Amino acid sequence: MIFTSTTNIGHTRKENQDFLGDLETKNGHVFVVCDGLSGLPNGMLASKTAVNFILDNFSLPFNNPLEYLQLSLEMAHTAIKDADPSLLGTTVVAIYYEAGSIFAAWCGDSRIYHFRDHSIVWMSRDHTVLHD
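The sequence shown: position 131 = 1161 (the working numbering), numbered continuously.
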(Lines of atoms letter the chains of each structure in order from A and count residues from 1; the text may use other names and numbers.)
(Lines give C-alpha, C1' and ligand atoms only; values in the text may rest on other atoms or scores of the structure.)
Protein backbone atom coordinates (compact mmCIF):
# COMPACT_ATOMS: atom_id res chain seq x y z
CA MET A 1 0.00 0.00 0.00
CA ILE A 2 1.21 3.48 -0.82
CA PHE A 3 -0.05 6.37 1.26
CA THR A 4 0.76 9.98 1.95
CA SER A 5 -0.70 12.70 4.12
CA THR A 6 -0.85 16.47 4.21
CA THR A 7 -2.98 19.23 5.65
CA ASN A 8 -3.72 22.73 4.42
CA ILE A 9 -5.04 25.73 6.31
CA GLY A 10 -6.96 26.96 3.28
CA HIS A 11 -7.63 30.60 2.46
CA THR A 12 -9.97 31.76 5.21
CA ARG A 13 -8.69 30.28 8.51
CA LYS A 14 -6.04 31.75 10.82
CA GLU A 15 -5.10 28.41 12.36
CA ASN A 16 -4.84 24.91 10.92
CA GLN A 17 -6.69 22.66 13.38
CA ASP A 18 -6.15 19.48 11.36
CA PHE A 19 -4.22 16.65 12.94
CA LEU A 20 -3.48 13.28 11.44
CA GLY A 21 -1.51 10.16 12.13
CA ASP A 22 -1.01 6.54 11.29
CA LEU A 23 0.26 3.46 13.05
CA GLU A 24 1.40 0.12 11.71
CA THR A 25 0.20 -2.60 14.08
CA LYS A 26 1.12 -6.27 14.27
CA ASN A 27 -1.81 -7.19 12.02
CA GLY A 28 -2.62 -4.08 10.02
CA HIS A 29 -2.45 -0.31 9.69
CA VAL A 30 -4.63 2.39 11.23
CA PHE A 31 -5.03 5.91 9.80
CA VAL A 32 -6.73 8.80 11.61
CA VAL A 33 -7.63 12.31 10.42
CA CYS A 34 -9.25 14.91 12.66
CA ASP A 35 -10.35 18.47 11.91
CA GLY A 36 -10.91 20.70 14.92
CA LEU A 37 -14.18 22.62 14.95
CA SER A 38 -13.02 26.14 14.16
CA GLY A 39 -16.17 27.70 15.58
CA LEU A 40 -15.12 26.43 19.02
CA PRO A 41 -12.01 27.24 21.06
CA ASN A 42 -9.16 24.70 21.20
CA GLY A 43 -10.00 22.77 18.04
CA MET A 44 -6.33 21.86 17.61
CA LEU A 45 -6.22 20.41 21.13
CA ALA A 46 -9.35 18.37 20.40
CA SER A 47 -8.05 16.99 17.09
CA LYS A 48 -4.58 16.21 18.45
CA THR A 49 -6.02 14.51 21.55
CA ALA A 50 -8.36 12.36 19.45
CA VAL A 51 -5.69 11.22 16.98
CA ASN A 52 -3.16 10.41 19.70
CA PHE A 53 -5.72 8.56 21.81
CA ILE A 54 -6.98 6.43 18.92
CA LEU A 55 -3.46 5.54 17.78
CA ASP A 56 -2.36 4.71 21.33
CA ASN A 57 -5.41 2.46 21.69
CA PHE A 58 -4.50 0.48 18.58
CA SER A 59 -1.26 -0.68 20.18
CA LEU A 60 -3.42 -2.93 22.40
CA PRO A 61 -4.72 -6.34 21.22
CA PHE A 62 -8.30 -6.61 19.91
CA ASN A 63 -10.55 -9.14 18.18
CA ASN A 64 -13.18 -7.21 16.19
CA PRO A 65 -11.66 -4.28 14.23
CA LEU A 66 -14.95 -2.48 13.55
CA GLU A 67 -16.14 -2.65 17.15
CA TYR A 68 -12.68 -1.58 18.30
CA LEU A 69 -12.69 1.43 15.97
CA GLN A 70 -16.09 2.51 17.24
CA LEU A 71 -15.04 2.03 20.87
CA SER A 72 -11.83 3.97 20.22
CA LEU A 73 -13.81 6.93 18.86
CA GLU A 74 -16.14 6.87 21.86
CA MET A 75 -13.21 6.74 24.28
CA ALA A 76 -11.43 9.52 22.37
CA HIS A 77 -14.54 11.65 22.91
CA THR A 78 -14.13 11.16 26.66
CA ALA A 79 -10.40 11.93 26.42
CA ILE A 80 -11.20 15.22 24.65
CA LYS A 81 -13.65 16.22 27.38
CA ASP A 82 -11.01 15.34 30.00
CA ALA A 83 -8.31 17.35 28.17
CA ASP A 84 -10.25 20.60 28.49
CA PRO A 85 -13.58 21.06 30.28
CA SER A 86 -14.51 24.03 28.08
CA LEU A 87 -16.45 23.55 24.88
CA LEU A 88 -14.25 22.07 22.15
CA GLY A 89 -14.67 19.53 19.38
CA THR A 90 -13.32 17.80 16.31
CA THR A 91 -14.45 15.66 13.43
CA VAL A 92 -12.77 12.29 13.03
CA VAL A 93 -12.18 9.67 10.36
CA ALA A 94 -10.43 6.42 11.30
CA ILE A 95 -9.58 3.58 8.94
CA TYR A 96 -8.08 0.22 9.85
CA TYR A 97 -6.63 -1.92 7.07
CA GLU A 98 -5.95 -5.61 7.71
CA ALA A 99 -5.40 -8.48 5.27
CA GLY A 100 -7.18 -6.80 2.37
CA SER A 101 -10.16 -5.61 4.44
CA ILE A 102 -10.89 -2.02 5.40
CA PHE A 103 -12.85 -1.02 8.50
CA ALA A 104 -13.97 2.57 8.96
CA ALA A 105 -15.54 4.78 11.60
CA TRP A 106 -16.17 8.51 11.48
CA CYS A 107 -17.99 11.35 13.16
CA GLY A 108 -18.81 14.71 11.68
CA ASP A 109 -18.22 15.92 8.15
CA SER A 110 -14.68 14.73 7.53
CA ARG A 111 -14.94 12.30 4.65
CA ILE A 112 -13.63 8.96 3.47
CA TYR A 113 -12.87 8.59 -0.21
CA HIS A 114 -11.77 5.50 -2.10
CA PHE A 115 -9.29 6.13 -4.91
CA ARG A 116 -9.01 3.24 -7.36
CA ASP A 117 -8.46 2.81 -11.08
CA HIS A 118 -8.36 6.59 -11.63
CA SER A 119 -11.74 7.16 -9.99
CA ILE A 120 -12.81 8.63 -6.66
CA VAL A 121 -15.79 7.30 -4.68
CA TRP A 122 -17.18 9.04 -1.59
CA MET A 123 -17.57 6.24 0.98
CA SER A 124 -18.76 7.94 4.18
CA ARG A 125 -21.85 10.00 4.94
CA ASP A 126 -21.57 13.38 6.66
CA HIS A 127 -23.00 13.64 10.14
CA THR A 128 -24.45 17.12 9.76
CA VAL A 129 -27.88 18.71 9.89
CA LEU A 130 -27.40 19.89 6.30
CA HIS A 131 -26.72 16.34 5.08
CA ASP A 132 -29.64 14.89 7.06
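All residues carry an ideal CB built from backbone N, CA and C; glycine is no exception. From a predicted model like this one, the values you see are computed outputs, not experimental measurements.
| Asked | Found |
| --- | --- |
| Alpha-carbon spacing of Ala1124 relative to Leu1099, whole angstroms | 7 Å |
| Start-to-end residues for the alpha helix (DSSP H) that takes in Gly1119 | Run containing Gly1119: none; DSSP gives neither H nor E here. |
| Cβ shell of His1144 (< 6 Å), same chain only, five flanking positions each side left out | Val1151, Met1153 |
| Contacting residues, own chain, Cβ-Cβ under 8 Å from Ser1116 (five flanking each side not counted) | Pro1071, Asn1072 |
| Rounded separation between Leu1090 and Val1060 - CA only | 12 Å |
| Beta-carbon proximity of Leu1050 to Val1081, cut-off 8 Å | yes |
| Pairwise C-alpha distance: Phe1133 and Ala1113 | 27 Å |
| Collapsed DSSP secondary structure at His1059 in the structure displayed | strand |
| Enclosing beta strand (DSSP E) for Ile1150 [first to last residue] | 1149-1152 |
| Span of the beta strand (DSSP E) around Phe1145 | 1143-1146 |
| As assigned by DSSP and simplified to three states, the class of Gly1073 | helix |
| 8 Å contact criterion, which Ser1077 and Asp1086 should meet: CB distance rounded | Rounded, the Cβ-Cβ distance is 15 Å, inconsistent with contact. |
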